[in-house]
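So that you can map any letter, position 344 of the sequence shown is 346 in my numbering, and since no number is skipped, the others follow by simple counting.
As structure tokens, the structure follows; a few thoughts come after it.
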Amino acid sequence: MTAANQKATLSFSDGSPSVDFPILKGTVGPDVIDIRKLYGSTGKFTFDPGFLSTASCQSSITYIDGDKGELLYRGYPIEQLATKCDFLETCYLLLNGELPNAPQKSDFVARVTQHTMVNEQMHFFLRGFRRDAHPMAVLTGLVGALSAFYPDSMNLNDPHQREISAIRLIAKLPTLVAMAYKYSIGQPFIYPNNDLSYTANFTRMMFATPCEDYKVNDVLVRALDRIFILHADHEQNASTSTVRLCASSGTNPFAAIAAGVACLWGPAHGGANEAALNMLYDIQAQGGVEKIGEFITKVKDKNSSVRLMGFGHRVYKNYDPRAKLMRETCHEVLVALGLENDPLFKLAMALEKIALEDDYFVQRKLYPNVDFYSGIVQKAVGIPVSLFTAIFALARTVGWIAQLNEMITDPEYKIGRPRQLFTGAATRDVPDISAR
Ligand code: CMC
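Quick look at the structure:
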């Protein structure tokens with residue numbers, strides 16, 4: 003970050019002296035007004051619910067240009083990463099700032115692979131959950147519980163412990179997600195097989211049973227690997243900001259990532275792919291393609307609170323670049339699996355077409371986001387709807403870790419402590435109970 007040769011001047015209508023603030027420049031993107039001294043020099047705070055105008059940190063990991071529909075990890079366009087790299091290379095890039103060369107890649111893959119198994123006690127911990135528990139409830143618990151299993155990698159201030167906890171989290175998330183799934187359907191857990199790639203191993207842990215040999219399906223592996231790459235990081239979104247805020251207190255990495263998992267669960271964030279598929283099921287139950295018009299009317303009715311799930315984004319006011327790539331994968335998977343004529347998928351495609359042409363969506367710049375298609379892809383490859391957000395959490399774990407590490411090593415890092423505009427009662431006396 004560099005200081006621009008400009009200042010922002012804040013003046014007051016009550017005659018208080020005006021105050022100058024430095025303007026800082028990033029590599030790309032809007033300049034920011036550095037208001038850190040605002041309270042000290044004026045006794046006033048800013049008011050910005052939802053952080054619509056606030057940069058909460060400086061970061062060099064991920065850049066989004068919402069108007070252009072551009073997403074860069076460490077400067078590399080997502081389109082190139084999704085077509086030229088695999089997920090573990092992307093993890094290395096996010097964590098280390100540069101793509102690995104061949105020896106660095108094989109070393110990183112070997113390190114992650116050595117940590118795929120979870121402590122056997124985790125099986126018993128998992129068994130405490132109801133079989134019908136939501137996988138995100140289970141995953142939040144399991145990830146938080148890792149801190150009980152790995153007390154040797156809890157200290158955020160120790161770079162070595164941070165590194166080993168990062169590897170453990172990236173390696174174990176697929177195992178935990180697959181275990182949560184197997185538990186929900188009453189099948190035995192499948193241990194990782196370290197001869198397989200990261201994503202092939204995950205598909206095996208998800209879909210193999212001890213009764214039969216499992217043949218890895220390359221279409222499925224490619225599709226999931228792309229889902230992982232596209233979801234790996236997305237700058238200061240709600241769950242990432244949660245992880246940063248949580249870790250800013252100095253808690254351990256497993257607890258901070260568990261907080262991210264919990265935040266991601268919400269339907270306006272990671273839960274949107276699940277919500278999008280459930281929306282499709284609802285429309286189908288009401289009559290399918292013929293009912294799209296009625297559904298869109300409800301979405302546009304301000305009194306209905308119905309939203310078109312999988313559409314719209316806080317930052318992208320253009321086509322989400324991840325959605326373009328996921329759309330491509332979606333078509334590839336549907337064709338490869340012979341599902342092009344499946345009624346649910348036809349419904350999704352018809353809904354997408356109608357929404358893209360409708361004035362309501364066009365005027366508000368509401369385009370499909372990645373979740374609209376990733377739900378369809380996951381459904382097609384056999385992942386149950388309730389597990390979608392857990393897959394997102396698996397992929398986003400690396401982004402959360404990279405952001406957490408960046409924060410901890412930032413010399414300007416402080417515990418996160420937003421302020422408030424208080425609108426409650428001012429000081430008053432507690433009346434005696436007989437007088438209340
Ligand atoms: N369906 C219908 N109307 C919408 C939608 C939608 N999906 N999204 C936004 N709008 C309307 C909204 O009603 C408002 O209209 P008006 O100006 O007439 O009041 C206008 O568009 C602006 O909406 P907003 O709520 O101010 O926009 P936001 O930036 O705060 O919301 C969002 C972003 C993602 C929460 C929202 O678009 C939404 O709820 N989408 C559906 C859920 C979804 O797909 N979420 C996944 C986001 S991508 C995954 C990720 O990166 O985490």
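Just so you know, even glycine gets a beta-carbon here, dropped at the ideal spot from N, CA and C.
Keep in mind the model is a prediction, meaning the values are calculated, not measured.
- With fewer than 16 other Cβ atoms inside 10 Å of its own Cβ, P433 counts as exposed.
- Sequence-distant partners of S243 (beyond 5 residues in either direction) whose C-beta falls short of 7 angstroms from its own C-beta, in its chain, are S58.
- One thing to note: Y375 has its Cβ no nearer than 8 angstroms to the Cβ of D235.
- Runs of alpha helix (DSSP H) with 4 or more residues, each lying fully within the segment 23-50, are found at 40-44, listed in chain order.
- With fewer than 16 other beta carbons inside 10 angstroms of its own, A427 counts as exposed.
- Under DSSP, I66 takes part in a beta bridge, and its partners are L73.
- With contacts defined by Cβ atoms closer than 8 angstroms, P24 and K9 form a contacting pair.
- For T244, the uninterrupted alpha helix (DSSP H) segment begins and ends at 240-249.
- For F209, the CB contacts under 7 angstroms within the same chain, skipping 5 residues up- and downstream, are Y216, G384 in chain order.
- Per the coordinates, the alpha-carbon of R316 lies some 14 angstroms from the alpha-carbon of R324.
- Of the residues assessed, P176 falls on the buried side of the cut-off, its CB having 16 or more other CB atoms within 10 angstroms.
- For Y94, the closest C-alpha among the options I378, L73, I403 is that of I403.
- Taking S108 as reference, the option from N219, R164, E91, P194 with the minimal CA-CA separation is E91.
- In this structure, S186 places its C-beta atom within 8 angstroms of the C-beta atom of P137.
- Taking the Cα of L54 as reference, the smallest distance to any Cα among I393, A240, A382, C213 is reached at A240.
- The beta carbon of S155 sits closer than 7 angstroms to the beta carbons of Q163, I166, S167, R170 from its chain, once the five residues preceding and following it are set aside; these are given in chain order.
- In the three-state scheme derived from DSSP, where H, G and I count as helix and E and B as strand, Q106 is classed as helix.
- For R430, the CB stays at least 7 angstroms from every heavy atom of ligand 1.
- Bridge partners of L12 according to DSSP: V21.
- Nearest in C-alpha terms to F394, of all of Y321, F313, D344, A274, is A274.
- For R316, no alpha helix (DSSP H) run applies, since DSSP gives it neither H nor E.
- Placement of the Cβ of H162 at a distance of 7 angstroms or more from every heavy atom of ligand 1 is found.
- The alpha-carbon of M351 is positioned some 38 angstroms away from that of L128.
- In the DSSP assignment, Y185 falls within the unbroken alpha helix (DSSP H) covering 161-186.
- Cα atoms of L327 and T429: separation of roughly 56 angstroms, rounded to the nearest angstrom.
- Residue environment: Q380 is assigned as buried (16 or more neighbouring CB atoms within 10 Å of its CB, all protein chains considered).
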